[in-house]
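Chains as they are written, first to last, in the numbering used here: chain U, 198 to 458; chain B, 198 to 458.
Everything below concerns the one structure shown next.
There are 2 protein chains.
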Amino acid sequence: MKIDPQSPADLSAQIAKAIRDAIISGALPVDERLPSEAEMAEQFDVSRPTVREALKRLAAQSLIRTQRGATGGAFVNRLRFEDAYGQQITTSTLLLSMNDVSFATACEARYALERACAPLSASRRSADHLATMRAEAHRQLQPGLTDEAFCASDVAFHRALVDAAGNPVLSYQLAGAVEAMQPLMNMITFSARSREKIVALHTSIANAIDAQDAQAADTHLAALATYTQELAQNVIAERQSKRSSGKVDLDPPYGADHTVF
Amino acid sequence: MKIDPQSPADLSAQIAKAIRDAIISGALPVDERLPSEAEMAEQFDVSRPTVREALKRLAAQSLIRTQRGATGGAFVNRLRFEDAYGQQITTSTLLLSMNDVSFATACEARYALERACAPLSASRRSADHLATMRAEAHRQLQPGLTDEAFCASDVAFHRALVDAAGNPVLSYQLAGAVEAMQPLMNMITFSARSREKIVALHTSIANAIDAQDAQAADTHLAALATYTQELAQNVIAERQSKRSSGKVDLDPPYGADHTVF
DNA sequence: AATTTTCATTTGTCAGACAATTAAACGTCT
DNA sequence: AGACGTTTAATTGTCTGACAAATGAAAATT
Chain U
198 MKIDPQSPAD
208 LSAQIAKAIR
218 DAIISGALPV
228 DERLPSEAEM
238 AEQFDVSRPT
248 VREALKRLAA
258 QSLIRTQRGA
268 TGGAFVNRLR
278 FEDAYGQQIT
288 TSTLLLSMND
298 VSFATACEAR
308 YALERACAPL
318 SASRRSADHL
328 ATMRAEAHRQ
338 LQPGLTDEAF
348 CASDVAFHRA
358 LVDAAGNPVL
368 SYQLAGAVEA
378 MQPLMNMITF
388 SARSREKIVA
398 LHTSIANAID
408 AQDAQAADTH
418 LAALATYTQE
428 LAQNVIAERQ
438 SKRSSGKVDL
448 DPPYGADHTV
458 F
Chain B
198 MKIDPQSPAD
208 LSAQIAKAIR
218 DAIISGALPV
228 DERLPSEAEM
238 AEQFDVSRPT
248 VREALKRLAA
258 QSLIRTQRGA
268 TGGAFVNRLR
278 FEDAYGQQIT
288 TSTLLLSMND
298 VSFATACEAR
308 YALERACAPL
318 SASRRSADHL
328 ATMRAEAHRQ
338 LQPGLTDEAF
348 CASDVAFHRA
358 LVDAAGNPVL
368 SYQLAGAVEA
378 MQPLMNMITF
388 SARSREKIVA
398 LHTSIANAID
408 AQDAQAADTH
418 LAALATYTQE
428 LAQNVIAERQ
438 SKRSSGKVDL
448 DPPYGADHTV
458 F
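Here you go:
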């Protein structure tokens, strides 16, 4: 494990890469303890702060965990699906908000992926997942629900649908697509009538999954996808009419009034 | 933007979280310059190395970039799809290798997702993507090709198929699923006959996409999924028979002979 | 006016130190 | 001998102060 001391700068990035490659290649197995920071500093011929910066980079990716004390140190972390979910959602959210991905594009991707899960979910659904789906659909009918709460419940419903496929890889991949959409969905105002229609489709989907009818589940999911796109288009059209009618065009992405630093 | 100085430790993690949240919320827009390390150290009431550790965490996630010099500093980075691909692939690869995800599970997820793309690819395919698919299929017939090169070409073929859908969100999500499978695929020995069959299916898929026949593309993809699973099962069965026949059971994940530190 | 030089700012790196934490080693008492 | 408290060594977390390297802007020079 060597680094190139001639390279211009970013020794910590080089060290992080060397260790990361070792972890990915399997040369450093899970729960293996890395040498202490002092030892690594000596071996790489850099200072301890530089080694620490490298370790923090790896910690940010959940590749290692650190522990203080006599038997402490940095250990190769077993990457858990839950850890990966968080990063996936963060990354997906930023990708959507920073790259001006249209609602239509994100929505298309999300429903395409969900429809890929549906047949598996139909054949493997557990009572637990079905109960969650029905409970969320029921919650979505409560009158006092805010739009945010409605969207959160919507996400929970769809996560249950995806998790019902019983494939952790699919759940992981879908987590980003479904959850990253939530900020976009929050921008939609759901009228009582549109909520009713969505919940009806949710119920139909749950019924189809219950009956292990993959074909019906796909049909209802497709209908939901179409209807969601319609709702979004109405919102967009409404905004544009407001704009052209002379109102001030303030469209702060989220909270531009914060003074952070 | 505050941190809790009472918290036990990991000030750098708290600072990183504070800045990360500000970026995600949109309070820190793209290309915004963060204060200098010295200023942040003063504002958070910590030392500069602590601030630096926090910044390195964010840099590891491509959330910021840094630049030296008079007008340098740390800037909020516009997260690009290419940057996200890399992280996604790293994470997916580790998830598969560390969590003992079976080949069957990974394979199922991959083909389910690809089949979700196929209808979109069929309707939107460009000449460029089609050319790539055909070129890779052709490359896969070359006799001298190593198994690794064959798998790499396989990945390239499937990426072209996914990219043909023209949805960057899908391409991003699929990148992990498809590329992370490559190490697993590399473990399969492809006989001349199995290669022939795979290439025939690839060609059929390319033809279906060319003809904008989503139904046919789905059928051939399903056949490819089934065949890949069969091949994998044969390999697994072969290994187990070797084991039970008294041979040494050395199954190092990748390269256990490396002495890293 | 164009070019070169100087300079201030900022990140990258280093050295050394101390605090906090933790488990093991040690000693003491029952 | 065994249980229990104490010391100790190892390790990470943090701080201070310093210097090197890069870089753009300002100043000086031609």
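Even glycine gets a Cβ: it sits at the ideal position worked out from N, Cα and C.
The structure presented is a predicted model; accordingly, all values stated were derived computationally and were not measured.
In this chain, Gln-339 of chain U is not harboured by any alpha helix (DSSP H), its DSSP state being neither H nor E.
The straight-line gap separating the alpha-carbon atoms of Thr-290 of chain B and Ser-299 of chain U is approximately 29 angstroms.
In the DSSP assignment, Gln-264 of chain U falls within the beta strand (DSSP E) that extends over 261-264. Straight-line spacing of the CA atoms in Arg-277 of chain U and Ala-206 of chain B works out to 23 angstroms. The Cβ atoms of Ala-334 of chain U and Val-396 of chain U sit closer than 8 angstroms to each other. Looking from the CA of Ala-377 of chain U, the closest CA among U:Thr-343, U:Ala-319, U:Ala-306 and U:Tyr-424 belongs to U:Ala-306. Restricting attention to alpha helix (DSSP H) runs no shorter than 4 residues, the region 272-338 of chain B encloses them at 278-295, 300-321 and 324-336, ordered along the chain.
With 16 or more other Cβ atoms inside 10 Å of its own Cβ, Glu-311 of chain U counts as buried. Residue contact check for Asn-431 of chain B against chain U: no CB pair falls below 8 angstroms.
Bridge partners of Arg-230 of chain U according to DSSP: U:Phe-272. The alpha-carbon of Tyr-308 of chain B is positioned some 27 angstroms away from that of Pro-340 of chain B.
Within its own chain, the residues whose Cβ lies closer than 8 angstroms to the Cβ of Pro-365 of chain U, once the five positions on either side in sequence are excluded, are Phe-278, listed in chain order. The beta carbon of Gly-283 of chain U sits no closer than 8 angstroms to any beta carbon of chain B. Here the alpha carbons of Gln-258 of chain B and Leu-338 of chain B stand approximately 39 angstroms from one another. Proximity of Thr-287 of chain U to chain B, defined by a Cβ-Cβ separation below 8 angstroms, is satisfied.
A direct Cα-Cα distance of roughly 43 angstroms separates Phe-387 of chain U from Gly-270 of chain B. Using a CB distance cut-off of 8 angstroms, Lys-253 of chain B counts as an interface residue toward chain U. In this structure, the straight-line span from the alpha carbon of Glu-435 of chain B to that of Cys-348 of chain B is close to 20 angstroms.
Contact note: Gln-258 of chain B reaches chain U through Ala-257, Gln-258, Gln-284, Thr-287 and Thr-288, using a C-beta cutoff of 8 angstroms and chain order. Residue-level contact by beta carbon fails for Val-396 of chain B and chain U, as no gap is shorter than 8 angstroms.
Taking 8 angstroms as the cut-off, the beta carbon of Leu-255 of chain U is found closer than this to the beta carbon of Arg-217 of chain U.
In this structure Thr-247 of chain U is buried. Its beta-carbon is surrounded by 16 or more other beta-carbon atoms within 10 angstroms.
For Gln-379 of chain U, no chain B residue has a Cβ inside 9 angstroms of its Cβ, as the nearest lies near 12 angstroms away. Taking the C-beta atoms as reference points, Ala-313 of chain U is found no nearer than 8 angstroms to Ala-419 of chain B.
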